[in-house]
Amino acid sequence: MLPMQPPALQDTKSPAAQAMPLAQAETAFLNDLDAGLAFTPPKGLADEDQAAFRWLRDAAQWQRGAQAPAARFPKGGAADREAQAWRSFLAGGGGDPARLPLHLSGSRLLLWEWMRDRDRHRPLPAAERRALEDRLLDGGPPAIKGWALRHALCFAVAGRDTARFSALKARHGESAPDTFTSVQALFGLLDGPSPIFRLWQLPGLAYRDVALKDLGPRRVWICPPGPPVPEGAAWIIPSQTGDQNDREVALSSEMKTEAEALSAAAGRPAWFAASRSAWEASGLQWFPILIELDKDGNLASVRMGDAAP
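Just so we're aligned: 772 in the numbering used here is position 277 of the sequence shown, and the numbers increase by one with no gaps anywhere.
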């Protein structure tokens with residue numbers, strides 16, 4: 496969402512210059528984490544940066560109910576005090592996450608993981624959630640800032656919070672202009688009819704150009720197979736690539752293969768969205784998405800991405 500390629504290493508004869516910068520190692524690790532790729536230990540990381548990188552790596556493995564990551568910093572230093580504060584907080588020792596230090600990238604990742612855990616089990620009050628989102632947006636690795644921005648925008652849409660959207664756009668709009676344009680379009684669709692989308696029936700693969708109300712149910716679930724489909728919802732399964740032209744009347748051979756595999760995985764009637772562009776233009780860009788329609792078939796609510804059930 497906020498892309499940044501790792502900077503190229505300088506090829507010099509100085510050993511200090513050849514050491515991998517900590518920020519580069521963290522960026523590469525977080526990008527792999529976001530893509531679901533296996534972790535590859537960085538090469539050339541300076542000895543003094545090893546503890547900070549391990550703190551980030553271990554933070555990525557923390558889960559609710561698990562022991563807090565170990566702190567391997569020099570005792571009594573600022574990094575050690577920060578790590579110990581987070582260890583105490585995660586162990587149930589109290590503390591306010593809005594006040595805990597965030598100088599280390601691993602601490603920022605712990606805050607993100609803790610906040611996402613609360614989303615799933617005991618959602619935070621809106622004001623507290625917004626304050627934590629803003630903390631994560633205020634510095635740190637671009638990947639975590641991107642996740643926090645997505646989180647904030649998804650909850651702004653779910654809560655119809657135009658004031659929050661405007662505040663986010665004023666502060667961060669220049670860093671992700673396409674994202675804000677897309678989400679603003681989605682705000683414009685609320686309480687109105689849905690656009691027309693080209694969908695392919697599963698099974699059978701016949702296409703139809705439909706508004707969401709034409710699918711029948713007043714709930715629409717847009718998500719790959721895996722999470723349970725909400726009761727009574729029409730199910731739209733998005734293509735992994737979404738690169739089909741939305742005006743084509745026949746699926747490409749690759750899309751047909753994917754659609755047939757998804758139909759088998761679904762095990763029930765569903766719809767296949769082969770083109771990503773029309774959905775993103777409407778602001779529907781992060782899965783899963785649960786859309787509720789009113790009695791007239793207009794979009795009553797959209798819970799998307801981090802704000803979805």
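Positions of the beta carbon are idealized from the N, C-alpha and C atoms, including for glycine.
Worksheet entry | Close beta carbons around Gly-792, own chain, < 6 Å, minus the five adjacent residues each side | Closer than 6 Å at the Cβ level, and outside the excluded window around Gly-792, lie Lys-708.
Worksheet item: Using a Cβ-Cβ cut-off of 7 Å (strictly less than) and excluding sequence neighbours within five positions of Arg-645, which residues of its own chain qualify?
Response: When the five nearest sequence neighbours on each side are left out, the beta carbons in the same chain lying within less than 7 Å of the beta carbon of Arg-645 are those of Met-496, Trp-781, Gly-800, Asp-801, in order along the chain.
Practice prompt. Taking 8 Å as the threshold, find out whether the region 645-665 comes into contact with the region 734-743 through three or more Cβ pairs.
Written response: Taking 8 Å as the limit for Cβ pairs, the verdict is that the region 734-743 does not touch the region 645-665.
Discussion item. With DSSP as the reference, identify every bridge partner of Pro-733, one or two as the case may be.
Written reply: Answer is Ala-768, bridged to Pro-733.
Worksheet item: If you draw a straight line from the C-alpha of Leu-694 to the C-alpha of Trp-581, how long is it?
Response: C-alpha separation (whole angstroms): 47 Å.
Discussion item. Quick check on DSSP: helix, strand or coil for Leu-597?
Written reply: Coil.
Discussion item. In the DSSP output, what is Asp-738 paired with across the bridge?
Written reply: DSSP, once it has assigned bridges, lists Ser-770 as partnering Asp-738.
Item to complete: Have a look at Ser-777 and Leu-685 and give me their C-alpha separation to the nearest angstrom.
Response: If you take the alpha carbons of Ser-777 and Leu-685, they lie about 11 Å apart.
Worksheet item: Can a CB atom of chain D be found closer than 9 Å to the CB of Trp-716?
Response: Among the chains of the structure shown, chain D does not appear; only one protein chain is present.
Practice prompt. Over the uninterrupted beta strand (DSSP E) stretch that includes Arg-714, give me the two end residues.
Written response: Its beta strand (DSSP E) spans residues 714-717.
Practice prompt. In the DSSP assignment, find the unbroken beta strand (DSSP E) run with Val-797 in it and report its ends.
Written response: For Val-797, the uninterrupted beta strand (DSSP E) segment begins and ends at 794-799.
Practice prompt. State the beta-bridge partners of Phe-692 as determined by DSSP.
Written response: Val-705.
Worksheet item: Hey, quick one: how far does the beta strand (DSSP E) through Glu-787 stretch, first residue to last?
Response: Residues 784-788.
Item to complete: Evaluate Pro-620 with the Cβ neighbour count: other Cβ atoms within 10 Å of its Cβ, from every protein chain shown; 16 or more gives buried, anything less gives exposed.
Response: Exposed.
Worksheet entry | Cβ shell of Ala-514 (< 6 Å), same chain only, five flanking positions each side left out | Correct list, in chain order: Gly-539, Ala-541.
Discussion item. Can you determine whether any heavy atom of the ligand NAP sits closer than 8 Å to the C-beta of Pro-592, and answer yes or no?
Written reply: The ligand NAP is not part of the structure shown, which contains no ligands of any sort.
Fill in: Cα-Cα separation between Leu-757 and Asp-738, rounded to whole angstroms
Leu-757 and Asp-738 have their C-alpha atoms roughly 16 Å apart.
Worksheet item: Between the Cα of Leu-627 and the Cα atoms of Pro-698, Arg-742, Arg-613, which residue gives the shortest distance?
Response: Nearest of Pro-698, Arg-742, Arg-613 to Leu-627, Cα basis: Arg-613.
Worksheet item: Do you know offhand how far Gly-588's Cα is from Ser-602's?
Response: Cα to Cα, Gly-588 sits roughly 16 Å from Ser-602.
Fill in: Collapsed DSSP secondary structure at Leu-532 in the structure displayed
In the structure shown, Leu-532 falls within a coil segment according to DSSP collapsed to helix, strand and coil.
Discussion item. Quick check on His-667: buried or exposed, where buried means 16 or more other Cβ atoms within 10 Å of its Cβ?
Written reply: His-667 is buried by the Cβ-count criterion.
Discussion item. My output table needs one value for Leu-619: the three-state DSSP class, helix, strand or coil.
Written reply: If DSSP states are grouped into helix, strand and coil, Leu-619 belongs with coil.
Worksheet item: Hey, Ala-563 and Leu-585 are a contact pair by Cβ (cut 8 Å); roughly how many whole angstroms apart?
Response: Contact flag correct, Cβ pair sits at about 4 Å.
Worksheet item: Beta-carbon separation of Cys-712 and Ala-729 under 9 Å?
Response: According to the sequence provided, residue 712 is Pro. The question's Cys does not apply to it. Yes, these two residues count as a Cβ contact at 9 Å.
Item to complete: Count the other CB atoms, across all protein chains shown, that sit within 10 Å of the CB of Ser-689; report buried if there are 16 or more and exposed otherwise.
Response: It counts as buried.
Item to complete: In angstroms with no decimal places, state the Cα-to-Cα distance between Gln-556 and Ala-745.
Response: Between Gln-556 and Ala-745, the C-alpha separation is close to 44 Å.
Worksheet item: What is the DSSP secondary structure of Leu-585, counted as helix, strand or coil?
Response: In the three-state reduction of the DSSP assignment, Leu-585 falls in the helix class.
Worksheet item: Helix, strand or coil: which one does DSSP assign to Asp-540?
Response: Per the sequence shown, the amino acid found at residue 540 is Leu instead of Asp. Of the three classes helix, strand and coil, the one that applies to Leu-540 here is strand, per DSSP.
Fill in: CA nearest to the CA of Gly-572, picked from Phe-682, Leu-599, Glu-669
It is Leu-599.
Worksheet item: What residues in its chain sit with their C-beta under 6 Å from that of Leu-663, if we drop five residues either side in the sequence?
Response: Only Ala-647 meet the Cβ criterion.
Worksheet item: Residues bridged to Leu-697 by DSSP?
Response: Leu-697 pairs with Ala-765.
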